[in-house]
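Engineer:
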Amino acid sequence: MKRHLLAGVLAAALGLCACEDRSTGAAWTNASGSVALSRDDAFLYVVDADTGVLAVVETASGQKVGEVKVGAGPERVVVGPDDTVYVSNRGARSVSVIRRGDWNEAARVAVGVEPMGLTVSPNGDTLYVVNSTALDSSVYGTLMAVDTRTLEVRWELPVGEEPRGVALVDGGRRALVSLFRHADLVTVDLSDAHQPRMQREGTDLYARANTRQGVVADEPIPFPSSDVLFRPRGMADVVVAPDGARAFAPTLWAREDSLTSDGRGPGGSLYGGGGPCNTAGVVAPGVLTFNTEDGSPRVDDLDQCRPPPSEEPDFPPSTIVSPESSHPIQGPVAAVVDPSGQWLFLVNRETDNVAILPTQRRTGLDLTGERGSTVRQLVRVGSGPSGIAMTRDGRKVYVYNAFDHTVTTLVNDGSGNVANVRTQGAPIPVVGEDVLTAQEAAGRKLFYSALDSRMTSAGVAASCASCHLDGRDDGHVWGFPDGPRQTPSLAGRKVTETGPFHWSGEFPSMRDFLDATVRGRMGGTSLDGVMVAQLSAFIDVIPTPDNPYRGAVQTAAQARGEQVFKKAACDTCHEGAHFTNNKQADVGTFITTGPMRDDDNTRKRGLNTPSLLGLARTAPYLHDGSALSLKGRLMQGRASNKHGTTADLTEAEVDDLVEYLRTL
């Protein structure tokens, strides 16, 4: 009798199309990333970052019926209650406004630096915009409120470093904002329309994920435990379930301790094994659950691979494990919850798939994947998926494949079977021609692939982008065998022209560096001259991050700082167009004690002089990430004169030098 009852419950739960439509609630986020649907699901809106267009697709016919030229680098799109469409133009410091039926840009609103997340208040009178940085500072990003009638900015509030996504809860009285590089969630009180305030500037997410307190020694542990620490990064967005009680945020987990031989995976790849619960490499995909009432996280203790004893496992695992050992999951960037609130659809850019998993349980007859995975189904889509939108009845899902410039349509066949979501029809083309060259486009797919066996093994499942988020940096310090190594940004630095490569400068050519990384660290099977050329071509065209300190006219402080740069002999090593002489140097920053220290060979040779381009957006600084600010770096070890002749600089000169360095 109990068995029949359970089967009936599961059959009902798996019938995704038979769920109640709760989309009238203000909380539910039915789209994330680069796609959105009109309020009646008649039109699909897709933004293409390469070409700077918003494509309009009629969902009934699957045909593109409009194309709107918007600003440079559009990243996100959202639809207001009156069906007005808003697009955040990451490369243009603006938001485009498009009226339904008039497929032209009606207006463009000036906002902050690299706008990303967007959402509209339930009554439609306010557009909320997340800016990656303020117009005058890279130290923090902002949440901005725009009056949708006048298109004037009402207020702007600092919300933390590099914010990315935003969602409204509590009837629009509070906003949840995700921080990207150092992943966390910020809560903003919007109850006073004119005076917003920070309700919660962060959470104890890191501590919760890395605690072993309260563990009962006699309890069985499902996976081998360890004392390794993991840091969340890359929280790309935040979406809210239909009942408004929980929010979910795609994220990545990065290993914090030394990557030594005992953490090597199959084949000796440095990045294999040693991930959370030993189910992944040193970069693991995840999804974080937050209670919207107070913004607190519900997260597994990653050593124990389960919730703390005080938590019931009624939320998704914090680390996502693929149900197929040969087809990994990596690079989660977008998500939606279906109208029933039971299923989370997670878009994974680096493995070209969508993972469907329960939001409120971890067991059941339908969860039969390998390695104890709670993913019910893994659906293949196109290359580089960057957004997802679900119809109000939950019957259709649209995924934008950014690197193919196509839309994949997913449908639920209503059978109640374990695998009842499938693709429908051929992918819908959105952009006719790729603006990248064939070589650059191929290099991008290689750079972002944690699926191509030439680039990585299934056991490692990491791509170049797993550490170089968006082709930039991840703010993380990795424990390499030769010492602590912070991820350097690749964007806008013409990296291929600045050999030798790596912090230790041990690779004379890009091919040497890529071969060691792809085959020795990522577990890839091959790297030929064609692949090297393709990867190099893409790396050199990764868009330069916008810089809030760079203006048309140099300020007086910046001009003075440029002279201080020369006075302190900074240009002796940081010279030329790339601000590096490509040589090794000892600037007094080697780590000689502790669990992660620089090895003897590196200390003899010195560290490779890094480019200074893009400094404003790449904190923390130095190879070990020990300098949290540029001024902090200049003041650190200043008396030794090992890092430029800085001992005699006045504090005012140091301040001017910082102002100049920020413009590079």
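First residue of the sequence shown: 40, per my numbering; consecutive thereafter.
From the three backbone atoms N, C-alpha and C, an ideal C-beta is built for every residue, glycine too.
No experiment lies behind these values; they were computed from the predicted model shown.
Would you kindly check if the distance between the Cβ of Thr407 and the Cβ of Gln381 is under 8 angstroms?
Structural biologist: Contact: no.
Engineer: Report the start-end ranges of each beta strand (DSSP E) in the segment 511-579 that is 3 residues or longer and not cut off at the edges.
Structural biologist: Complete beta strand (DSSP E) runs here, min 3: 516-519, 522-525.
Engineer: Is the beta carbon of Arg524 less than 8 angstroms from the beta carbon of Val534?
Structural biologist: No, Cβ-Cβ distance for Arg524 and Val534 is not below 8 angstroms.
Engineer: Drop a sphere of 10 angstroms on the beta-carbon of Ala349, count the other beta-carbons inside from all chains shown, and report buried for 16 or more, exposed for fewer.
Structural biologist: Note that residue 349 corresponds to Ser in the displayed sequence, not to Ala. Exposed, because fewer than 16 other Cβ atoms sit within 10 Å of the Cβ of Ser349.
Engineer: When burial is assigned at 16 or more other CB atoms within 10 Å of the CB, is Trp67 buried or exposed?
Structural biologist: Buried is the call here.
Engineer: At the level of alpha carbons, what is the spacing between Asp79 and Gln597?
Structural biologist: The alpha-carbon atoms of Asp79 and Gln597 are separated by roughly 52 angstroms.
Engineer: Whole angstroms is fine: what's the gap from Val134's alpha carbon to Glu295's?
Structural biologist: If you take the alpha carbons of Val134 and Glu295, they lie about 38 angstroms apart.
Engineer: Report the start-end ranges of each beta strand (DSSP E) in the segment 411-440 that is 3 residues or longer and not cut off at the edges.
Structural biologist: Fully enclosed beta strand (DSSP E) runs of 3 or longer: 416-419, 424-429, 435-440.
Engineer: Among Ser71, Val104, Arg115, which residue has its Cα nearest to the Cα of Val86?
Structural biologist: Checking every option, the nearest Cα to that of Val86 belongs to Arg115.
Engineer: In chain order, what residues of the same chain have a beta carbon less than 6 angstroms from the beta carbon of His507, not counting five sequence neighbours either side?
Structural biologist: Cβ within range, chain order: Leu529.
Engineer: Can you give me the Cβ contacts of Ala678 inside the same chain, cut-off strictly under 6 angstroms, excluding the 5 residues immediately before and after it?
Structural biologist: For Ala678, where only same-chain residues beyond five positions count, the Cβ hits under 6 angstroms are Ala686.
Engineer: Counting Cβ pairs closer than 8 angstroms, one from the segment 92-111 and one from the segment 232-249, do we hit at least three?
Structural biologist: Touching, no, given that fewer than three Cβ pairs across the two stretches are closer than 8 angstroms.
Engineer: Note the first and the last residue of the continuous alpha helix (DSSP H) segment covering Gln478.
Structural biologist: Start and end: 477-486.
Engineer: Could you give the C-beta distance for Gly204 and Gly156, rounded to a whole number, given that I count them as a contact under 8 angstroms?
Structural biologist: The pair is a contact, with the Cβ atoms about 4 angstroms apart (cut-off 8 angstroms).
Engineer: Note down the Cα distance separating Ala608 from Gly522, rounded to an integer number of angstroms.
Structural biologist: Roughly 27 angstroms between the two C-alpha positions.
Engineer: Report yes if the C-beta distance between Ala214 and Leu182 is below 8 angstroms; otherwise report no.
Structural biologist: Yes; because the gap between Cβ atoms is below 8 angstroms, this pair is in contact.
Engineer: Take Gly426 as the anchor and find which of Leu404, Val185, Val375, Thr402 has the nearest alpha-carbon.
Structural biologist: Comparing Cα positions, the closest option is Val375.
Engineer: Indicate the three-state DSSP secondary structure (helix, strand or coil) for Pro315 in the structure shown.
Structural biologist: Here Pro315 sits in helix by DSSP.
Engineer: Count Cβ pairs between the segment 434-452 and the segment 411-426 that sit closer than 8 angstroms; are there 3 or more?
Structural biologist: The segment 434-452 vs the segment 411-426: in contact.
Engineer: Can you give me the start and stop residues for the beta strand (DSSP E) that Leu385 sits inside?
Structural biologist: Taken as a continuous stretch (DSSP letters only), the beta strand (DSSP E) holding Leu385 covers 382-387.
Engineer: Measuring alpha carbon to alpha carbon, tell me which of Leu673, Gly664, Phe618, Leu475 ends up nearest Ile578.
Structural biologist: The option with the nearest alpha carbon to Ile578 is Leu475.
Engineer: Would you check if the distance between the CB atom of Arg560 and the CB atom of Leu309 is smaller than 8 angstroms?
Structural biologist: Against a cut-off of 8 angstroms, the Cβ pair of Leu309 and Arg560 comes out as a contact.
Engineer: Which one or two residues does DSSP pair with Val603 in a beta bridge?
Structural biologist: Paired residue(s): none; Val603 is not in a bridge.
Engineer: Count the other CB atoms within 10 Å of the CB of Arg388; is the residue buried (16 or more) or exposed (fewer)?
Structural biologist: Classification of Arg388: buried, given that the 10 Å Cβ count is 16 or more.
Engineer: How many angstroms separate the CA atom of Ala394 from the CA atom of Ala501?
Structural biologist: Cα to Cα, Ala394 sits roughly 17 angstroms from Ala501.
Engineer: Could you give the DSSP three-state label for Gly211: helix, strand or coil?
Structural biologist: Note: Gly211 maps to helix in three-state DSSP.
Engineer: Any idea which residues DSSP pairs Trp292 with across the strands?
Structural biologist: According to DSSP, which records beta bridges pairwise, Trp292 is partnered with Pro271, Ala323.
Engineer: Can you check which of these residues, Arg431, Thr448, Gly311, is closest to Ser420 by C-alpha distance?
Structural biologist: A quick correction: the sequence has Val, not Ser, at residue 420. Out of Arg431, Thr448, Gly311, Thr448 has the C-alpha closest to the C-alpha of Val420.
Engineer: Hey, out of Leu341, Thr390, Pro355, Gln675, whose CA is closest to Asp396's CA?
Structural biologist: The amino acid at residue 396 is misidentified as Asp; the sequence shows Leu. Comparing Cα positions, the closest option is Pro355.
Engineer: So for Leu646, helix, strand or coil by DSSP?
Structural biologist: Leu646 falls in the strand class under three-state DSSP.
Engineer: Starting from Lys108, trace the beta strand (DSSP E) both ways and give me its first and last residue.
Structural biologist: It spans 102-108 - the beta strand (DSSP E) in which Lys108 sits, taken as one unbroken run.
Engineer: Could you tell me how far apart the beta carbons of Gly312 and Gly325 are, in whole angstroms, since I believe they sit closer than 8 angstroms?
Structural biologist: Not really, about 17 angstroms apart at Cβ, beyond 8 angstroms.
Engineer: Would you mind reading off the limits of the alpha helix (DSSP H) that contains Tyr245?
Structural biologist: Here the alpha helix (DSSP H) through Tyr245 covers 244-248.
Engineer: I'd like to know whether the C-beta atoms of Leu174 and Val152 end up nearer to each other than 8 angstroms.
Structural biologist: Cβ atoms of Leu174 and Val152: closer than 8 angstroms.
Engineer: Verify whether the separation of the beta carbon atoms of Ser548 and Gly563 is less than 8 angstroms.
Structural biologist: Not in contact: Ser548 and Gly563 (Cβ atoms no closer than 8 angstroms).
Engineer: In chain order, what residues of the same chain lie with their CB nearer than 7 angstroms to the CB of Val168, ignoring the 5 residues before and after it?
Structural biologist: These residues qualify, in order along the chain: Ser127, Val134, Val150, Pro154, Leu157, Met183, Val185.
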